[in-house]
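For reference, the structure is listed below as structure tokens.
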Amino acid sequence: MDDLDTQNIELQLLLQAIHLKYGYDFKNYAKASIKRRILQRLERDNFKNISEMQHKILYDIDFFENLLLELSLNVAEMFRDPPIYLRLRHKIIPELRKFAHLKIWHVGCSTGEEVYSMAILLKEEGLYERSQIYATDMNKQLLKQAKDGIYDIKKLRQYTANYQKAGGLESFSDYYSAHYNHVVMNKSLKEHILFSDHNLATDGVFGEMNLIMARNILIYFNRELQNRALGLFFDSLSTGGFLCLGLKESIRFADCAKYFEEVHKDEKIYRKF
Amino acid sequence: MNVFEAVVVGSSAGGIRALENLLAPLPNDFPLPIIIVQHLHPESESYLPKILATHCALPVKQAEEREIIQAGRVYIAPPNYHLLIEEDYSFSLSLEPPVRYARPSVDVMFETAVYAYRDKLIGIILTGANDDGSYGVKKLKQMGGYVIVQDPKTAEAEAMPKSAIAAAQVDKILPIEQVGVYLLQLVNRSLRGGIS
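Below you can see the structure in the form of structure tokens.
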């Protein structure tokens, strides 16, 4: 057994320790990304090995929360992949219009950029007032940022371009107020968004959704956890409800795949029947 | 003695022509997978596999998440995602922040490839205008793998090969026309058990 094998044992023990102490279960996450992020941190803080870092993680909550942020931070963007929003606007919204009340679950909302994108889309299509958006993430720090809806002004050019490509009907600047180096999303966009923490590895079903947005979440999970998450999505959707995944994701390996119809292949939009 | 199991390649500015040069001499029974990170514009269509396939006897495709890596295939990282290699020899994708402004990042792919293939890995750095890949090359050499770098004098952009050469004691520096042929010889020798 060489050092790399020992390191893998330490990593396994660390994930077990984090689960036992803090309740976050990373054991079924895709290992390469978790391992790389932990080793980056280890190198930066000059720990000798993972075991030494584990001691710090178990006894220093601030250190752990900081690491947790690094483990769960993935870059979010407003109207990321604009063709998705075009497809939602033209093909999915007309279906959703048939309902008197809409429930939408935004899974793994991170810092909130895609949730606000959805709120804007619903507003422009006249559906926002009858919608309830549930935005969840396992990380409370990220949820807080999402709720604040404050973003770096430097990113706005990209977001505005995305918004226009996504078929936006208004001027994007109508949706935020600009300050020195940041923008704050309008309060009215937040009225029907409920932010709460939810962990796909350990928590249960969210009821009777018409649409679940779960984009670029499954790529971080191994097959087993992907299957669990997709099972949760299936159980949380009402019949005829839609599931929208990330462009590089698929349901084809999940047990529940046979109960979904692939309605827009390129945009990874599925419908429960 | 190394019996190599995979080849990883990083390239950036000018990389498409360099990759064509690299792949052209390889026969259709080349025994290892070749995994490529080429920097592309985030919104570029994934045309690269198609272009490279016309210059290559091996099947070329974009890497998919959870796909099992197979010998004799060429895999390209999708634009705007990091490509990672799992220790069960499958791919993962991620939207972690760009590393040194790059996503996909050569460093991220190389580093995770090192954890998976350890010293049974060949790394190749080609033309590029930044220093992505130099950290990965350092890791690869620490683990005992083999590194080939395109001679910066023959590179359209020399920063990437130069910083790889500065980062570690690389094994071979070659003009681009010779990299593919040398790779083939290296792999054949290793399979016959001739390299130490």
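Line by line, the protein sequences are chains C and Y. Just so you know, we're using my numbering here: the first sequence kicks off at 277 and counts up by one. Just so you know, we're using my numbering here: the second sequence kicks off at 4 and counts up by one. Note that beta-carbon positions come from the ideal geometry of N, C-alpha and C, so glycine has one too.
Secondary structure at GLU23 (chain Y): helix, using DSSP grouped into helix, strand and coil.
The beta carbon of ILE72 (chain Y) is closer than 8 Å to those of ALA9, PRO36, ILE38, TYR78, ILE88, TYR92, SER93 and PHE94 in its chain, skipping five residues each way along the sequence. Neighbours of SER309 (chain C) in chain Y, taken as residues at a C-beta separation under 7 Å, are given in chain order as LEU87, SER95, SER97 and GLU99.
Y:GLU161 is the residue among Y:GLY196, Y:ARG192, Y:GLY147 and Y:GLU161 whose C-alpha sits nearest the C-alpha of SER14 (chain Y). In its chain, beyond the 5 residues on either side, TYR305, ALA306 and SER309 have a beta carbon closer than 7 Å to the beta carbon of TYR496 (chain C).
Rounded to the nearest whole angstrom, the C-alpha separation of TYR456 (chain C) and ASN5 (chain Y) is 57 Å. Taking the C-beta atoms as reference points, TYR451 (chain C) is found no nearer than 8 Å to VAL460 (chain C). The region 371 to 381 of chain C makes no contact with the region 421 to 437 of chain C: fewer than 3 CB pairs, one atom from each, lie closer than 8 Å. In the pairwise beta carbon analysis, the region 466 to 474 of chain C is classified as touching the region 409 to 416 of chain C: at least three pairs are separated by under 8 Å. Of the candidates Y:PHE33, Y:PHE7, Y:LYS144 and Y:MET163, Y:MET163 places its Cα closest to the Cα of VAL40 (chain Y).
The residue from C:LYS544, C:GLU400 and C:PHE536 with its alpha-carbon nearest to that of SER447 (chain C) is C:GLU400. Going by DSSP, ASP428 (chain C) is part of the beta strand (DSSP E) stretching over 426 to 428.
DSSP places VAL383 (chain C) in the uninterrupted beta strand (DSSP E) bounded by 378 to 383. The criterion of a C-beta distance shorter than 8 Å is not satisfied by LYS544 (chain C) and LEU513 (chain C). Contact check for PHE518 (chain C) and ARG547 (chain C): beta-carbon distance about 5 Å, within the 8 Å limit, so the pair qualifies. For HIS331 (chain C), the enclosing alpha helix (DSSP H) has its first and last residue at 326 to 335. No Cβ of chain C is located within less than 8 Å of the beta carbon of VAL109 (chain Y).
Excluding residues up to 5 positions away in sequence, CYS532, TYR535 and LYS548 lie with their Cβ nearer than 7 Å to the Cβ of PHE510 (chain C) in the same chain. Annotation: ASP281 (chain C) to HIS331 (chain C) spans about 20 Å, alpha carbon to alpha carbon. It is roughly 21 Å from the alpha-carbon of LEU86 (chain Y) to the alpha-carbon of ASN284 (chain C). Scanning C:GLU390, C:MET354 and C:LEU398 for the CA closest to the CA of GLU371 (chain C) turns up C:LEU398. Taking ILE333 (chain C) as the centre and dropping the five residues before and after it, the same chain places the C-beta of PHE340 closer than 6 Å to its C-beta, in chain order. The alpha-carbon separation between LEU494 (chain C) and LEU349 (chain C) amounts to approximately 14 Å. Selection Y:ASP135, Y:PRO28 and Y:GLY136 evaluated against LEU187 (chain Y) yields Y:PRO28 as nearest (Cα-Cα).
Within a 10 Å sphere around the beta-carbon of TYR435 (chain C) sit 16 or more other beta-carbons, which makes this residue buried. The beta carbon of SER137 (chain Y) sits closer than 6 Å to those of SER166, ALA167 and ALA170, all from its chain and outside the five residues before and after it, given in chain order. Within the model, the alpha-carbon separation for HIS58 (chain Y) versus ALA530 (chain C) is close to 37 Å. In the three-state scheme derived from DSSP, where H, G and I count as helix and E and B as strand, ALA60 (chain Y) is classed as coil. A Cβ-Cβ separation of about 15 Å leaves GLU390 (chain C) out of contact with ARG363 (chain C) under the 8 Å criterion. Residue-level contact check: PRO178 (chain Y) does not touch chain C, since none of the beta carbons of chain C fall below 8 Å from its beta carbon. When 9 Å is used as the limit between beta carbons, ASN325 (chain C) is near no residue of chain Y, the shortest such separation being about 15 Å. Distance check between HIS44 (chain Y) and each of Y:MET112, Y:ASP110 and Y:ASN83 places Y:ASN83 closest, using alpha-carbon atoms only. DSSP, read as helix, strand or coil, puts SER97 (chain Y) in strand. PHE448 (chain C): not part of any beta strand (DSSP E); DSSP gives it neither H nor E. Residue-level contact check: ARG103 (chain Y) does not touch chain C, since none of the beta carbons of chain C fall below 8 Å from its beta carbon. Listed in chain order, the positions of the region 469 to 497 of chain C with a beta carbon within less than 7 Å of a beta carbon of chain Y are ASN492, ILE495 and TYR496.
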